[in-house]
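K.L.:
In short: position in the sequence shown from 1, add 609, done, that's this note's numbering.
The structure's right below; bear with me while I get my questions together.
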Amino acid sequence: MTYAPDLKSCPEKRIYGISSEKTFIKGTLYPIEVGMITLQLSRTYICRGKEFSSFPLYDTSGPYSDPSIIIDPEKGLTPIRDTWGFKERETVPSTFSSIPSTITARTPRKAKEGSGITQMYFARKGIVTPEMEYVAIRENQQLEGWITSFSKGGHKSVPITPEFVRDEIARGRAIIPANINHPELEPMIIGRNFRVKINANIGNSALGSSIEEEVEKAVWSCRWGADTVMDLSTGKNIHKTREWILRNSPVPIGTVPIYQALEKAGGQAEDLTWELYRDTLIEQAEQGVDYFTIHAGILQEHLPFAEKRLTGIVSRGGSIMAKWCKAHKQENFLYTHFEDICRILQAYDIGVSLGDALRPGSIVDANDEAQFGELKVLGELTTVAWKYDVQVMIEGPGHVPLNLVEENMEKQLEYCHEAPFYTLGPLITDIAAGYDHINSAIGGALIASKGCSMLCYVTPKEHLGLPDRNDVREGVIAHKVAAHGADLAKGNAVAWLHDELMSRARYAFAWEDQFNLSLDPAKTREVHSQSMAQSGHTEKNPDFCTMCGPDFCSMKKSKESAETKC
610 MTYAPDLKSC PEKRIYGISS EKTFIKGTLY PIEVGMITLQ LSRTYICRGK
660 EFSSFPLYDT SGPYSDPSII IDPEKGLTPI RDTWGFKERE TVPSTFSSIP
710 STITARTPRK AKEGSGITQM YFARKGIVTP EMEYVAIREN QQLEGWITSF
760 SKGGHKSVPI TPEFVRDEIA RGRAIIPANI NHPELEPMII GRNFRVKINA
810 NIGNSALGSS IEEEVEKAVW SCRWGADTVM DLSTGKNIHK TREWILRNSP
860 VPIGTVPIYQ ALEKAGGQAE DLTWELYRDT LIEQAEQGVD YFTIHAGILQ
910 EHLPFAEKRL TGIVSRGGSI MAKWCKAHKQ ENFLYTHFED ICRILQAYDI
960 GVSLGDALRP GSIVDANDEA QFGELKVLGE LTTVAWKYDV QVMIEGPGHV
1010 PLNLVEENME KQLEYCHEAP FYTLGPLITD IAAGYDHINS AIGGALIASK
1060 GCSMLCYVTP KEHLGLPDRN DVREGVIAHK VAAHGADLAK GNAVAWLHDE
1110 LMSRARYAFA WEDQFNLSLD PAKTREVHSQ SMAQSGHTEK NPDFCTMCGP
1160 DFCSMKKSKE SAETKC
C-alpha cells in the first residue's frame, strides 16, 4: 500500500504550538501510563485563587501527538494493553478458522471456557480493571485539586475514582468498549456521569473511497478529537479496510456487522441467514472491533407503523432487516438469536450498541409509535445483555424538533434502565443540507445537557455524499463544541476551567494561549494570521483583532478604563 506523506509522519504532532508537550500520568494500581497534551501557557493565570501556568488536555490522539514516536501504518500501533498484566482476565487462542490474514502476527483470543472477561463481569465482582483505572485518570486530566475546590449551583465537584468507574459499569450506566483483540486501544468511558463523548463515522461505499483514505480519516478523526470511530464501509475490501483501521487506531472502533453480512449475501437482504451473520460477528470480533451496532429491536409488529411515515425507515440496518422480515414472513433473526449474539460478545468483551432501526428521518415522523415501540424493545434487550455481563448503550434519533428532544432522553432513561444513550444529532430541522453538522450539533448540545452520553457526529455532506477528510474535521469540531457546551451545562469542573482560562487569555490579548485553548488551534491560528495580514498589521501580539481594530476594541477600552485613576 502507499500512503499520503502526512499519514506516515502526521506532521501536526504539535498542533497546540511548540510549547505543548505529550505528558504521561502513571497509574497506582496497574503499570499504565495515560497520555495527555500539556499546554505551557504564556503567563500564569489565577482562577478562583489557584495559579495555572499550564493546562493538561484530554487527548484522543494516542501516539499521533507524540513527537518522539514514528508510526508505520503497515506495522500498526504498539499493543500497549498487552503490558498491563491483568491476570484475572483468562483467555485462550481462538480456533475460528475463516479469518483472513492480518497485518500483524497476533493470534486472536477469546475467553477461556467458563471464565468471565468483560468489564461488567469484573465490575459486578468488585474488581477494578486496568481499563477502569485508566479512564478515571483520563477524566480528571490531572486536575484533582481544581476539581475538589470547584462547585457550581450548589453542587460540590469531586474527582473521578477507579471505584466510581467500577460502580457505574456494574450498574450499567457506563461502558468501556475495549475488545481484548484491540490491544492498541487507549481505554475511554461512555456514561452520563462522565465527559460527553463524540463518535466519528467513516467508511467507504460502493461508489468511492479507498483503504488509504479511510485509514487517513480514522487517524485524523482521533487527532481532531473523536472519542470513538465507526467504520461503516459498504464497498469493496470491507475486512481489509477494517483491519488497517483497527491496527492504527488508539480509540474504540465500532461497526454495523449487517453491512458486511449483506455484502457476503450478494447485496440481497432476502439471502441473509443467521449463520452468515454469526460468522461475520466472530470475524469482526477476532479482528478487535470494540462495539457492534445491532438492529435487534425492529420487530414485525413495528413495520405497519413505519410504513405510515413520511420518510419510512431511514436506517440502513433497519431497512435491511425490515426487508428480510417481510420476505420470509418471520421475526427479525437478530432478535430471536439475541442471546446467541450475547454469548459471542461476552467471549471477546465487545459492547453492544442497540441500533435505532426506526429512528425518524424527518421531524414530522419524530417521537412516533414506531420509534418508541422499538425503544421499549431495546430496553428489554438491555436486560438480556446484562444477564451475560455484556455492556450496552442505546442508539437514538434522528430528526427531532427542539421541543421534542427532551422527551427522547426521558423515555430512554425510563425504558432502557439508564444504559448510556448514544444519539445521531438529533437534527432539529430537515432543511439544513450542506450545514447539517451545525443542525446536528444544536440538537446534540441539548440532548447531551439532559444526559445523553455520546453524540454521533454529522458532517456537511450528510444527505449529500461521502465525506472527505475536511468534512470529517468540520463534523468532529462542531460536535466537540456541542459536547463541551453540554459539559458546561452539567457543571463539569474541568470544562469550566478550560473556558475561564480562554476568557482570561482573551482579555489579556494572549493570542498564542487563545489559539491553543481553542478546540481547533490550527484553524484558529490560521484565521487570525490571515486576517491580520490582510489588514496590513504585522504586530506579533497586538492588543486588538481586525473585527474591531485598534480604536474600537471593547476589551482594550475596558482595560484602559480600569487602569485610569479617578
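Each residue gets a CB set at the ideal place from its N, CA and C atoms; glycine is no exception.
#1: Which runs of the alpha helix (DSSP H) at least 4 residues long sit entirely within the stretch 975–999? Give them in chain order.
#2: Pairs of beta-carbons, one from the stretch 779–798 and one from the stretch 877–897, closer than 8 Å: are there three or more?
#3: For F731, collect the residues of the same chain with a Cβ closer than 6 Å to its Cβ; drop the 5 residues on either side in sequence, then sort them by chain order.
#4: Which residues in the same chain have their Cβ closer than 8 Å to the Cβ of K1020, if we skip the five residues on either side of it in sequence?
#5: Could you give the distance in angstroms between the alpha-carbon of A1131 and the alpha-carbon of T902?
#6: Use the C-beta contact count for C619: other C-beta atoms within 10 angstroms, 16 or more gives buried, fewer gives exposed.
#7: Assuming the contact rule is C-beta atoms closer than 8 Å, M645 and K806 should be a hit. Round their C-beta distance to whole Å, please.
#8: So what's Q649 in DSSP terms, helix, strand or just coil?
#9: Would you kindly check if the distance between the Cβ of T1038 and the Cβ of C1061 is under 8 Å?
#10: If you follow the beta strand (DSSP E) that Y667 is part of, which residue opens it and which one closes it?
#11: Apply the 10 Å Cβ neighbour rule to Q1143 and answer buried if 16 or more other Cβ atoms are within range, or exposed otherwise.
#12: Which term fits H1088, buried or exposed, when burial requires 16 or more other beta carbons within 10 angstroms of its beta carbon?
#13: With DSSP as the reference, please indicate the residues paired to H764 in a beta bridge.
#14: If you draw a straight line from the alpha carbon of N976 to that of L1013, how long is it in whole angstroms?
#15: Identify every residue that forms a DSSP beta bridge with E642.
#16: With a threshold of 16 other CB atoms inside 10 Å of the CB of M930, please say whether the residue is buried or exposed.
#17: In terms of alpha-carbon separation, which member of L1106, L855, S1049 lies closest to T713?
#18: Grab me the residues of C951's own chain with a C-beta within less than 7 Å of its C-beta, minus the 5 sequence neighbours each way, in chain order.
#19: Out of K845, I789, W755, which one is the CA nearest neighbour of T692?
#20: Closest by CA to L943, which one among W883, A1098, R690, E1023?
#21: Between Y1116 and the rest of its own chain, which residues show a CB-CB distance below 7 Å, the 5 nearest in sequence each way excluded?
#22: Note down the Cα distance separating A613 from K826, rounded to an integer number of angstroms.
#23: Please list the terminal residues of the continuous alpha helix (DSSP H) segment that includes N1079.
#24: Taking 8 Å as the threshold (C-beta atoms), are L686 and P859 in contact?
#25: Compute the Euclidean distance between the alpha carbons of C1162 and A1171, then round it to the nearest angstrom.
#26: If you draw a straight line from the alpha carbon of P1076 to that of G964, how long is it in whole angstroms?
#27: Please look up how many angstroms separate the CB atoms of G970 and H911, rounded, as I've assumed it's under 8 Å.
#28: Between K1174 and S1167, what straight-line distance do the alpha-carbon atoms span, to the nearest angstrom?
#29: Taking the beta carbon of N1150 as the centre, do at least 16 other beta carbons fall within 10 Å, making it buried, or is it exposed?
#30: If I'm right that I811 touches W853 with Cβ under 8 Å, what's the distance once you round it to whole angstroms?
#31: From which residue to which residue does the alpha helix (DSSP H) around N808 run?
#32: At 4 residues or longer, what runs of the alpha helix (DSSP H) sit wholly inside the stretch 911–946?
#33: Pick helix, strand or coil for V838, following the three-state DSSP scheme.
P.N.:
If we stick to the structure as given:
#1: 978–996
#2: yes
#3: Locating residue 731 in the sequence shown gives position 122, counting from the first residue. T738, listed in sequence order.
#4: The sequence position of residue 1020 within the sequence shown is 411, counting from 1. Same-chain partners within the cutoff: F981, L984.
#5: Against the sequence shown, residue 1131 aligns to sequence position 522. Against the sequence shown, residue 902 aligns to sequence position 293. Looking at the two C-alpha atoms, the distance is approximately 33 Å.
#6: Mapped onto the sequence shown, residue 619 falls at position 10. Unreliable placement is indicated for C619, whose pLDDT of 45 sits below 50; the coordinate value is still reported in the next sentence. Buried, because 16 or more other Cβ atoms sit within 10 Å of the Cβ of C619.
#7: As a position in the sequence shown, residue 645 is number 36, starting the count at 1. As a position in the sequence shown, residue 806 is number 197, starting the count at 1. Not a contact, Cβ separation roughly 16 Å.
#8: As a first step, residue 649 is located in the sequence shown; it is residue number 40 there, counting from the start. Three-state result, Q649: strand.
#9: Taking the sequence shown and counting its residues from 1, one reaches residue 1061 at position 452. Taking the sequence shown and counting its residues from 1, one reaches residue 1038 at position 429. No, the pair does not count as a contact, with Cβ atoms beyond the cut-off.
#10: Here residue 667 refers to the residue found at position 58 when the sequence shown is read from its first residue. First-last of the beta strand (DSSP E) with Y667: 659–667.
#11: For the purposes of this step, residue 1143 is taken as residue 534 along the sequence shown, with counting starting at 1. That one is exposed.
#12: Working through the sequence shown from its first residue, we reach residue 1088 at position 479. Buried.
#13: Here residue 764 refers to the residue found at position 155 of the sequence shown. K761.
#14: Along the sequence shown, read from residue 1 onward, the residue named residue 976 stands at position 367. Along the sequence shown, read from residue 1 onward, the residue named residue 1013 stands at position 404. So the alpha carbons of these two residues sit roughly 7 Å apart.
#15: The residue labelled residue 642 in the question sits at position 33 within the sequence shown. In the DSSP output, where bridge partners are listed per residue, E642 has K635.
#16: Here residue 930 is taken as the residue at index 321 of the sequence shown, counted from 1. That one is buried.
#17: Taking the first residue of the sequence shown as position 1, residue 713 is located at position 104. Measuring from the Cα of T713, the nearest candidate turns out to be L855.
#18: Taking the sequence shown and counting its residues from 1, one reaches residue 951 at position 342. If we look at C951 and ignore the five residues flanking it on each side, its Cβ neighbours are V993, A994, Y997, V999.
#19: As a working mapping, residue 692 is identified with position 83 in the sequence shown. Among K845, I789, W755, the Cα nearest to that of T692 is on I789.
#20: Residue 943 sits at position 334 when you count from the first residue of the sequence shown. Minimum Cα distance to L943 is reached at W883.
#21: In the sequence shown, residue 1116 corresponds to position 507, counting from 1. These residues qualify, in order along the chain: M1164.
#22: The residue you call residue 613 lines up with position 4 of the sequence shown. The residue you call residue 826 lines up with position 217 of the sequence shown. Here the model assigns A613 a pLDDT of 40, short of 50, so the residue's position is not dependable and the matter cannot be decided.
#23: Within the sequence shown, numbered from 1, the residue matching residue 1079 stands at position 470. 1078–1098 is the span of the alpha helix (DSSP H), which, as asked, contains N1079.
#24: Against the sequence shown, residue 859 aligns to sequence position 250. Against the sequence shown, residue 686 aligns to sequence position 77. For P859 and L686, yes; Cβs fall inside 8 Å.
#25: Here residue 1162 refers to the residue found at position 553 when the sequence shown is read from its first residue. Here residue 1171 refers to the residue found at position 562 when the sequence shown is read from its first residue. Cα to Cα, the separation comes out at about 14 Å.
#26: If you number the sequence shown from 1, residue 1076 lands on position 467. If you number the sequence shown from 1, residue 964 lands on position 355. Roughly 22 Å between the two C-alpha positions.
#27: Locating residue 970 in the sequence shown gives position 361, counting from the first residue. Locating residue 911 in the sequence shown gives position 302, counting from the first residue. With a Cβ gap of about 15 Å, G970 and H911 do not count as contacting.
#28: Taking the first residue of the sequence shown as 1, we reach residue 1174 at position 565. Taking the first residue of the sequence shown as 1, we reach residue 1167 at position 558. K1174 and S1167: Cα-Cα distance of roughly 13 Å.
#29: Along the sequence shown, one-based indexing puts residue 1150 at 541. Exposed.
#30: Looking up residue 811 in the sequence shown gives position 202. Looking up residue 853 in the sequence shown gives position 244. That belief does not hold up - the Cβ atoms of I811 and W853 are roughly 12 Å apart, past 8 Å.
#31: Looking up residue 808 in the sequence shown gives position 199. Counting along the chain, N808 falls outside any alpha helix (DSSP H), though it belongs to the beta strand (DSSP E) covering 806–811.
#32: 912–916, 925–937, 942–945
#33: Indexing the sequence shown from 1 puts residue 838 at position 229. Three-state result, V838: strand.
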